[in-house]
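To get this note's numbering, take the position in the sequence shown, counting from 1, and add 47. We treat Cβ as the ideally placed atom computed from N, Cα and C, and that holds for glycine.
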Amino acid sequence: MFNYGLDKVRFINPVNVGSKVRTLSKVVSVDDKGDGRYLMKTEITMEIDGVDKPAFVAESLSMFIT
Numbered sequence: 048m049f050n051y052g053l054d055k056v057r058f059i060n061p062v063n064v065g066s067k068v069r070t071l072s073k074v075v076s077v078d079d080k081g082d083g084r085y086l087m088k089t090e091i092t093m094e095i096d097g098v099d100k101p102a103f104v105a106e107s108l109s110m111f112i113t
């Protein structure tokens with residue numbers, strides 16, 4: 048697996064020192080790119096405990112080679 052980059056990165060809310068955070072991930076798609084290569088798109092959201100708006104949201108791209 049290789050990091051293929053990030054899309055749609057948005058920093059929405061600052062994270063204060065000492066804040067508790069959690070990251071949620073959801074697989075959005077897996078595309079067959081041929082020759083045993085697959086591109087997986089994952090939606091990532093970092094939430095801050097006790098805060099309504101997330102710290103950031105992004106789409107992570109990962110390349111799998113079989």
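>> Along the chain, where does the beta strand (DSSP E) containing Gly52 start, and where does it finish?
In response: 49-58
> Applying the criterion that 16 or more other CB atoms from any shown protein chain within 10 Å of the CB defines a buried residue, is Pro61 buried or exposed?
Replying inline: exposed
> Under a three-way DSSP split, which group does Lys130 fall into?
Replying inline: Any property of residue 130 remains undetermined from this structure, which presents the chain solely from 48 to 113.
> Candidates Asp54, Ile59, Gly52: which alpha carbon is nearest Asp99's?
Replying inline: Distance from the Cα of Asp99 is smallest, within the candidate group Asp54, Ile59, Gly52, for Ile59.
> Alpha carbon to alpha carbon, how far is Thr89 from Ile112?
Replying inline: Rounded to whole angstroms, Thr89 and Ile112 show a C-alpha spacing of 17 Å.
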